[in-house]
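In what follows, a single structure is set out as structure tokens and then discussed.
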Amino acid sequence: MNKKIWLPYTQMQKAKDLPEAVSAKGSCIHLKNGKQVIDAISSWWVITLGHCEESIVKAVQEQAGKMDQILFANFSHSPANTLSQELQEILPDELRYLFFTDNGSTAVESALKMAVQSWKQKKGESQRNMFISFKNSYHGDTVGAMSVSGQNLFTEPYKKLLFSVIRADQGTRSSDPVSAYIDDFKEKLEKHHDVLAGVIIEPFIQGAGGMIVWPREALQEICTLSKKKGLYLIFDEVMTGFGRTGELFAFQKLGMTPDLLCLSKGLTGGFLPLAITVASQEIYDSFLSDEKKHLFFHGHSFTGNPISCAAAAANLREIKKQKWKAEWMRIESFHRKKINSLKSHKNLIDARNCGTMAALEFRLKNQGYGSPFAEDLTERSIQKGVFLRPLGNIVYILPPYCTSNEELEKIWGIIEEELNALTSF
Ligand SMILES: Cc1ncc(COP(=O)(O)O)c(C=O)c1O
């Protein structure tokens with residue numbers, strides 16, 4: 011490994027030489043040493059159908075030979091138009107307008123900025139620049155996205171840069187009652203609703219905060235109450251989108267439509283960076299004006315990149331096929347069976363699953379994100395042919411949808427070995 015590369019989320023003083031990946035296909039990553047590793051976490055939750063899905067490879071190759079990049083504010087192009095059409099076919103009428111950025115954090119930043127500016131322009135309510143978010147949420151690493159995320163080791167060094175947010179306490183485990191997930195929210199909503207622009211939430215699964223699964227009733231109540239107060243409901247589906255929860259989108263599983271929807275990661279099937287913030291008619295309309303000062307002041311160099319758009323359009327064409335829903339159900343029921351057989355294990359605090367995601371909360375002495383447990387487990391699992399990357403003591407599986415039952419069996423086998431080998435609790 012080149013020693014001048016600075017890795018994400020890595021203490022470089024302790025960084026070890028990484029295994030070199032040379033190719034990836036389906037559920038597996040192939041290493042230079044000849045070994046193959048099952049990608050049990052979809053390479054940070056981006057790969058959906060499988061690595062190097064053929065229809066996406068073809069679309070990318072074709073587009074790459076035609077047009078690389080153009081300035082999206084001045085030229086339209088067919089990959090973006092086709093992708094918009096594909097997406098509009100699966101989104102409800104209330105969610106119409108697509109704003110393109112490059113990654114999950116910027117999809118969230120755009121949503122936050124849209125919400126605040128919309129209130130100001132719609133009714134002159136410029137005092138509405140606060141958000142309610144949740145204690146264990148994660149919305150990204152840019153400053154706005156960090157502000158609305160839960161505050162922890164990740165955000166501590168940047169504390170003084172972050173804007174103020176109303177953060178609702180919440181439950182974390184499957185045994186916590188619904189009230190633990192909503193009581194604090196209700197109180198804070200009542201107290202602060204006059205200054206709120208919106209409520210931001212990761213529907214059904216809070217990812218980086220520990221793969222926490224929202225009880226449906228709690229989620230429904232949070233959304234209903236937010237809507238009653240007339241607040242913008244922002245669904246961050248950067249992780250939950252494109253099948254992870256067992257439906258194409260978590261909002262469909264819930265049966266409620268947000269005002270702003272943030273999409274990225276699986277949008278291109280994990281092939282290339284791209285994000286879209288989808289806005290309601292009301293929000294879009296509040297930016298229409300004769301005055302330049304009312305436009306949305308946001309744009310990135312690679313906004314609407316044609317090759318990324320071509321990848322996303324190909325991914326959407328594929329993922330709409332009924333066969334993928336069957337795969338989500340297969341993976342979900344596989345997880346459920348395993349969880350049922352393991353849930354009373356003495357080294358387990360909690361086990362939860364939602365759609366294609368399963369998470370086990372290990373009983374460790376040092377449970378924080380700083381614990382060496384996670385890194386050590388990653389190293390051991392790669393040696394055994396499975397890529398796992400726990401979040402502290404939460405060991406989870408979020409596999410590409412082509413992962414076979416034999417491969418799932420292998421992943422679960424390694425997790426079970428780790429669970430049995432725990433001595434430090
Ligand atoms: C729910 C959610 N929102 C936003 C992000 C940030 O996405 P990105 O890493 O592409 O900036 C993530 C990343 O894990 C996420 O899980």
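In my numbering, the protein residues as written are 11 to 435. Backbone N, C-alpha and C fix where the C-beta goes; we use that ideal spot for every residue, glycine too. This one's a predicted model, so the numbers in the text were calculated from it and none came from an experiment.
Are three or more beta carbon pairs between the region 397-413 and the region 290-304 nearer than 8 Å?
no
Point to revise | Close beta carbons around Lys68, own chain, < 8 Å, minus the five adjacent residues each side | key: As a working mapping, residue 68 is identified with position 58 in the sequence shown. Contacts found: Ala324.
query: Among Phe252, Lys356 and Asp360, which one has its Cα closest to the Cα of Leu439?
result: Past the boundaries of the shown model lies residue 439; the chain is included only from 11 to 435, so the question cannot be answered.
Original post:
Does the region 102-111 come within contact of the region 134-148, defined as at least 3 CB pairs closer than 8 Å?
Top reply: no
Residues that Asn363 bridges to, as DSSP identifies them: Reading the sequence shown from its first residue, position 353 is the one you call residue 363. For Asn363, which the question treats as bridged, DSSP gives the partners Ala368.
Q.
Let me confirm a value: Asp300 is counted as buried when at least 16 other C-beta atoms fall within 10 Å, else exposed. Which label applies?
A. If you number the sequence shown from 1, residue 300 lands on position 290. Under this definition Asp300 is an exposed residue.
With respect to 7 Å, is the separation between the Cβ of Asp151 and the closest non-hydrogen atom of ligand 1 below this value? Start at 1 with the first residue of the sequence shown, and residue 151 comes out as number 141. Yes - ligand 1 has a heavy atom lying nearer than 7 Å to the Cβ of Asp151.
Should Val288 be counted as a contact of ligand 1 given a C-beta to heavy atom distance under 7 Å? Within the sequence shown, numbered from 1, the residue matching residue 288 stands at position 278. No.
Note to self: Can you give me the C-alpha to C-alpha distance between Phe245 and Gln230, rounded to a whole angstrom?
What the structure shows: Here the question's residue 245 lines up with position 235 in the sequence shown. Here the question's residue 230 lines up with position 220 in the sequence shown. So the alpha carbons of these two residues sit roughly 13 Å apart.
Please tell me whether, using a cut-off of 7 Å, the distance from the CB of Asp246 to the nearest non-hydrogen atom of ligand 1 is below it. In the sequence shown, residue 246 corresponds to position 236, counting from 1. Checking every heavy atom of ligand 1 against the Cβ of Asp246, one is found closer than 7 Å.
Exercise for the section: Assign Glu30 to one of two classes, buried (16 or more other C-beta atoms within 10 Å of its C-beta) or exposed (fewer than that). Expected result: Locating residue 30 in the sequence shown gives position 20, where the first residue counts as 1. So Glu30 ends up on the exposed side.
Query raised in the report: Is the beta carbon of Met367 sitting closer than 8 Å to the one on Ile215?
Result: Along the sequence shown, one-based indexing puts residue 367 at 357. Along the sequence shown, one-based indexing puts residue 215 at 205. It is a contact, given that the beta carbons lie within the stated cut-off.
Item to complete: Run the proximity test for Trp55: is its beta-carbon closer than 7 Å to any non-hydrogen atom belonging to ligand 1?
Response: Your numbering for residue 55 matches position 45 in the sequence shown. Trp55: yes, Cβ under 7 Å from ligand 1.
query = Exposed or buried, what is Tyr242 when buried is set at 16 or more other beta-carbons lying within 10 Å of its beta-carbon?
reply = The count along the sequence shown starts at 1 and reaches residue 242 at position 232. Buried.
Does ligand 1 have a heavy atom nearer than 7 Å to the CB of Trp263? Here the question's residue 263 lines up with position 253 in the sequence shown. A quick correction: the sequence has Lys, not Trp, at residue 263. For ligand 1, not one heavy atom lies less than 7 Å from the Cβ of Lys263.
Suppose the cutoff is 7 Å on Cβ atoms and the five residues either side in sequence are ignored; what does the same chain contact list for Thr182 look like? Taking the first residue of the sequence shown as 1, we reach residue 182 at position 172. Same-chain partners within the cutoff: Asn146, Gly220 and Ile222.
query = Does DSSP put Lys35 in a helix, a strand or coil?
reply = Counted from its first residue, the sequence shown places residue 35 at position 25. Strand, per DSSP.
query: What three-state label does DSSP hand Phe435 in the structure shown?
result: Here residue 435 is taken as the residue at index 425 of the sequence shown, counted from 1. Reliability of the predicted coordinates at Phe435 is poor, the pLDDT of 47 falling under 50, and no value is obtained from them.
(request) Kindly list the residues whose CB is nearer than 7 Å to the CB of Ala322, restricted to its own chain and excluding five residues on each side of it in sequence; keep chain order. (result) Walking along the sequence shown from the start, residue 322 turns up at place 312. Hits under 7 Å: Leu93, Leu277, Thr278 and Leu284.
Grouping DSSP H, G and I as helix and E and B as strand, with all else coil, what is Cys272?
As a working note, residue 272 is residue 262 in the sequence shown. Three-state result, Cys272: strand.
**Prompt:** The alpha helix (DSSP H) with Met124 in it runs from where to where?
**Reply:** Your numbering for residue 124 matches position 114 in the sequence shown. Taken as a continuous stretch (DSSP letters only), the alpha helix (DSSP H) holding Met124 covers Gly114 to Lys133.
For Ala218, count the other beta carbons within 10 Å of its own beta carbon; 16 or more makes it buried, fewer makes it exposed. Which is it? Taking the sequence shown and counting its residues from 1, one reaches residue 218 at position 208. Classification of Ala218: buried, given that the 10 Å Cβ count is 16 or more.
Span separating the alpha-carbon of Glu64 from that of Val405 | As a working note, residue 64 is residue 54 in the sequence shown. As a working note, residue 405 is residue 395 in the sequence shown. For Glu64 and Val405, the distance between alpha carbons rounds to 30 Å.
Practice problem: For Arg346, count neighbouring Cβ atoms within 10 angstroms of its own Cβ and tell me buried if that reaches 16, exposed if not. | Solution: Position 336 of the sequence shown holds residue 346. It counts as exposed.
Quiz item: If you drop the 5 nearest sequence neighbours on each side, which residues of the same chain put their C-beta closer than 7 Å to that of Trp338?
Solution: Numbered from 1 along the sequence shown, position 328 holds the residue referred to as residue 338. Excluding residues within five positions, the ones whose Cβ falls inside 7 Å are Gly253, Gly256, Gly365, Thr366 and Tyr411.
Check this for me: beta carbons of Val175 and Ser143, under 8 Å apart or not?
Position 165 of the sequence shown, counted from the start, is the residue given in the question as residue 175. Position 133 of the sequence shown, counted from the start, is the residue given in the question as residue 143. Yes, these two residues count as a Cβ contact at 8 Å.
Cutoff 8 Å; reference Leu358; Cβ partners in own chain excluding five residues on either side: Counting from one through the sequence shown, the residue named residue 358 turns up at place 348. Cβ within range, chain order: Leu352, Leu370, Glu371, Phe372, Arg373 and Leu429.
Query raised in the report: Are the beta-carbon atoms of Pro316 and Gln46 separated by less than 8 Å?
Result: Working through the sequence shown from its first residue, we reach residue 316 at position 306. Working through the sequence shown from its first residue, we reach residue 46 at position 36. Cβ atoms of Pro316 and Gln46: not closer than 8 Å.
Q. Can Lys198 be considered in contact with ligand 1, in the sense that its beta carbon sits closer than 7 Å to one or more heavy atoms?
A. For this step, residue 198 is matched to residue 188 along the sequence shown. No, since every heavy atom of ligand 1 falls outside the 7 Å radius drawn around the Cβ of Lys198.
Subject >> Under the three-state DSSP convention, the category Ile15 falls into >> reply: Numbered from 1 along the sequence shown, position 5 holds the residue referred to as residue 15. Note: Ile15 maps to coil in three-state DSSP.
Kindly examine ligand 1 and report whether one of its heavy atoms sits closer than 7 Å to the Cβ of Ser311. On the sequence shown, residue 311 is found 301 positions in, with the first residue counted as 1. Outside the cutoff, so no.
Worksheet item: What residue range is occupied by the uninterrupted beta strand (DSSP E) comprising Phe85?
Response: Indexing the sequence shown from 1 puts residue 85 at position 75. Note, Phe85: premise wrong, no beta strand (DSSP E); not H, not E.
Taking only the alpha-carbon atoms, compute the straight-line gap between Gly208 and Ala260 and give it to the nearest angstrom.
Indexing the sequence shown from 1 puts residue 208 at position 198. Indexing the sequence shown from 1 puts residue 260 at position 250. Each residue's alpha carbon lies about 19 Å from the other.
So what's Asp295 in DSSP terms, helix, strand or just coil?
Locating residue 295 in the sequence shown gives position 285, where the first residue counts as 1. Helix.
- Can you round the beta-carbon distance between His310 and Thr165 to whole angstroms, since I take them to be within the 8 Å contact cut? What you label residue 310 is simply residue 300 of the sequence shown in a count that begins at 1. What you label residue 165 is simply residue 155 of the sequence shown in a count that begins at 1. At roughly 23 Å, the Cβ-Cβ gap does not stay under 8 Å, so His310 and Thr165 are not in contact.
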